[in-house]
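Undergrad:
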Amino acid sequence: MKRFAGIAVAMAIVMMFAGPAVAEQKKVRWKLAMSWSSTLLPLADAGTDLAKMVSDMTGGNFEIRVEGAEKHKAPLGILDMVKGGQYELGHSASYYWKGKDVTTTFFTTAPFDMTETEQFGWYYHGGGMELMQKVYGKFDVLSFPGGNTGVQMGGWFRKEIKSLDDLKGLKMRIPGLAGEVFAKLGVNVTNIAPGELYTSLDRGAIDALEWVGPGMDIKMGFHKIAPYYYAGWHEPASELQFLVNKKAFEKLSPEYQAILVTAFEAVRGRQVADNFEANAKAWQQMKQDYPNIKVMQFPDPVLEAMKKATDEVLESYAAENEEFKEVYESRKAYLKAVRPWTKISEQNYLSTSDAVMK
Numbered sequence: 005m006k007r008f009a010g011i012a013v014a015m016a017i018v019m020m021f022a023g024p025a026v027a028e029q030k031k032v033r034w035k036l037a038m039s040w041s042s043t044l045l046p047l048a049d050a051g052t053d054l055a056k057m058v059s060d061m062t063g064g065n066f067e068i069r070v071e072g073a074e075k076h077k078a079p080l081g082i083l084d085m086v087k088g089g090q091y092e093l094g095h096s097a098s099y100y101w102k103g104k105d106v107t108t109t110f111f112t113t114a115p116f117d118m119t120e121t122e123q124f125g126w127y128y129h130g131g132g133m134e135l136m137q138k139v140y141g142k143f144d145v146l147s148f149p150g151g152n153t154g155v156q157m158g159g160w161f162r163k164e165i166k167s168l169d170d171l172k173g174l175k176m177r178i179p180g181l182a183g184e185v186f187a188k189l190g191v192n193v194t195n196i197a198p199g200e201l202y203t204s205l206d207r208g209a210i211d212a213l214e215w216v217g218p219g220m221d222i223k224m225g226f227h228k229i230a231p232y233y234y235a236g237w238h239e240p241a242s243e244l245q246f247l248v249n250k251k252a253f254e255k256l257s258p259e260y261q262a263i264l265v266t267a268f269e270a271v272r273g274r275q276v277a278d279n280f281e282a283n284a285k286a287w288q289q290m291k292q293d294y295p296n297i298k299v300m301q302f303p304d305p306v307l308e309a310m311k312k313a314t315d316e317v318l319e320s321y322a323a324e325n326e327e328f329k330e331v332y333e334s335r336k337a338y339l340k341a342v343r344p345w346t347k348i349s350e351q352n353y354l355s356t357s358d359a360v361m362k
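Start counting the sequence shown at 5; every next residue gets the next number (my numbering).
Shown next as structure tokens:
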């Protein structure tokens, strides 16, 4: 009950006005596939929370059956399964299908890019939602923000990264555009499904990996093998997505469509809070229970090389892909407009408050 206290009033209002119309609706039975196992919290909460909200707001008439990766066995194939209609809904991250359409990666995050607040503003006030539907329209799929993990950590490494030479020949799991950046710096990059990460690291198939943040990383046990834990640079605002089969969505009544979209937005907000809480708690636990973890910052020359390689990767794609360029330019313009406020508000507040709170 506590989990849904924050949206109880909104749901009551929806039911007050939509109740009679919803009661007359035909029963709908949908399936949702997640990239995560059903036990990987808080990510897996997104599917179960959505199912409960939609059921509650429709008096049980709209039922969503949630299946984790342990059930469907295709954690990186969510887009294909939703497009093909095997599942009406999916919960995943856009950069998992970078090979199909590199432009989709922007709808998760990009290296040295927007913060979570800035990116969410871009979605709803900078044209991001329209661009996302345009890109996903090629797959007959709709996409909606589905939760944000915030700034992700830079990864777990078996050895300390002292210079660019330490990256050369390193085998690392890192998806999205960041993978291409590291590849330019000599890293052997691979993308591995979440359920296979620990085994790959343990067996030496990879030397390093990035996952999310301490809230989920510590539970995976990566620190037992790779004790160097680096601060983030590559995923400053990792937005997840709810994917919807477009034809299935269009068959829904307007009331059900509105309820589903409202539930997406409610779950998205809850995921932001849940991920922040999980990371904050785990960070404290990590310092107390795992003092051998070495929290590191990449050296400035390495970060500078990462930024240079990032610009080269993005500009290269923009030069040859008009759709990529359109989204890229949109994000750059919005960031230029809003970053001054981020600096004078959040960044300035943190620096000044830290100075007087010591």
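Even for Gly, the Cβ is constructed at its ideal location relative to N, Cα and C. Predicted, not measured: the structure shown is a model, and the values here were computed from it.
I'd like to confirm the pairing. Which residues does DSSP put opposite ALA212 in its beta bridges?
TA: Partner(s): PHE161, MET176.
Undergrad: When the Cα atoms are used, what is the spatial distance from MET220 to LYS166?
TA: For MET220 and LYS166, the distance between alpha carbons rounds to 26 Å.
Undergrad: Could you give the residue range of the alpha helix (DSSP H) that holds ALA323?
TA: Looking at the DSSP string, the run of the alpha helix (DSSP H) that includes ALA323 is 304 to 324.
Undergrad: Who are HIS95's beta bridge partners in DSSP?
TA: BP columns for HIS95 point to MET38, PHE246.
Undergrad: Are PRO79 and SER39 close, meaning C-beta to C-beta below 8 Å?
TA: Yes.
Undergrad: Based on the DSSP secondary-structure assignment, which residues constitute the bridge partners of SER147?
TA: Partner(s): LEU247.
Undergrad: So, helix, strand or coil for ARG207, using DSSP?
TA: Coil at ARG207, not helix or strand.
Undergrad: Spatial neighbours of THR194 within its chain, please: CB distance less than 6 Å, with the 5 preceding and 5 following residues excluded, ordered by chain position.
TA: Excluding sequence neighbours, THR194 sits near ARG177.
Undergrad: Look at the alpha carbon of MET361 and the alpha carbon of LYS255, and state the distance between them as a whole number of angstroms.
TA: Going from the Cα of MET361 to the Cα of LYS255 covers about 56 Å.
Undergrad: Please determine, among GLU269, GLY173, SER349, the residue with the shortest C-alpha to C-alpha distance to LYS188.
TA: Of GLU269, GLY173, SER349, the residue nearest in Cα terms is GLY173.
Undergrad: Would you report the Cα separation of ILE68 and GLY88, rounded to the nearest angstrom?
TA: If I take the Cα positions, the gap works out to 18 Å.
Undergrad: Looking at GLN275 and GLY150, is the spacing between their C-beta atoms short of 8 Å?
TA: It is a contact, given that the beta carbons lie within the stated cut-off.
Undergrad: Determine the direct distance from the alpha carbon of SER349 to that of ALA359, and round the result to whole angstroms.
TA: Using only the alpha carbons, I get a separation of about 15 Å.
Undergrad: Pull the bridge partners of ILE68 from the DSSP assignment, please.
TA: Paired residue(s): TRP34.
Undergrad: Do GLY190 and LEU213 have their C-beta atoms closer together than 8 Å?
TA: Result no, Cβ atoms of GLY190 and LEU213 do not sit closer than 8 Å.
Undergrad: Find out if the Cβ-Cβ distance for the pair VAL70, LEU36 is shorter than 8 Å.
TA: Yes, they are a contact pair.
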